[in-house]
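In what follows, a single structure is set out as structure tokens and then discussed.
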Amino acid sequence: MSYSQERKLPIDTTITTQHSVTVNGSTFSYTAETGTQPVWDEHGKPIASLHYTYYSRNNVKDRPSRPLLISFNGGPGSGSV
22 MSYSQERKLP IDTTITTQHS VTVNGSTFSY TAETGTQPVW DEHGKPIASL HYTYYSRNNV
82 KDRPSRPLLI SFNGGPGSGS V
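Going left to right, the sequence shown walks through residues 22 to 102 as our numbering numbers them.
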């Protein structure tokens with residue numbers, strides 16, 4: 022067995038970081054979250070995991086009215102960005 026096959030990430034991992042960007046003279050702060058979402062079988066056993074990246078603008082007054090964009094991309098060796 023190779024070293025990479027022996028290494029395993031926890032099936033439900035999340036990393037959250039804070040950032041800011043300046044666009045056309047206006048500065049926006051945002052939160053970036055990346056992680057894995059487990060997929061469970063009918064017995065509650067994790068059988069796979071999905072990787073995700075989520076960007077959320079901070080200081081939004083009416084968050085429920087903001088659009089949510091979902092983009093599927095990638096393939097073997099190419100995660101969504």
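Glycine included, every Cβ here is placed at the ideal spot set by N, Cα and C.
Residue from the options with nearest C-alpha to residue i
i     : options             : result
ASN79 : THR52, VAL42, THR37 : THR52
Pair within 8 Å by beta-carbon distance, residue i and residue j
i     : j     : result
GLY56 : ILE32 : no
GLN58 : TYR76 : no
Legend entry - At least three beta-carbon pairs within less than 8 Å, the region 39–49 to the region 62–75: As far as the Cβ criterion goes, the region 39–49 does not touch the region 62–75, which means the pair count is below three.
Inset, instruction - With a floor of 3 residues, list each beta strand (DSSP E) that falls wholly inside the region 56–101, ordered by position along the chain. - result: Listed in chain order, the complete beta strand (DSSP E) runs (minimum 3 residues) inside the region 56–101 are 67–78.
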